[in-house]
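Asker: Just passing along the structure, written as structure tokens.
In the numbering used here, the protein residues as written are 5 to 52.
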């Protein structure tokens, strides 16, 4: 069985991706650090 398990990206990885997508620097990185992973995934989806 060669099925790969789908894993949730790490919080640090998501924060880096969101900060790179936030061209206008609108989002507060300190506040994002306190946000849960589900919301970080949603924010990343809005920025892409």
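Cβ coordinates follow ideal geometry from the N, Cα and C atoms, glycine included.
Provide the residue span of the alpha helix (DSSP H) that contains residue 38, from first to last.
Answerer: No alpha helix (DSSP H) holds residue 38; DSSP gives it neither H nor E.
Asker: Pop quiz: residue 26 and residue 51 are said to be a contact at Cβ under 8 Å. What is the actual Cβ separation, rounded to whole angstroms?
Answerer: Correct: roughly 7 Å between the Cβ atoms.
Asker: Residue 30 to residue 45, Cα distance in whole Å?
Answerer: Near 17 Å, if we compare the C-alpha coordinates of residue 45 and residue 30.
Asker: Buried or exposed for residue 22, going by 16 or more other Cβ atoms inside 10 Å?
Answerer: So residue 22 counts as buried.
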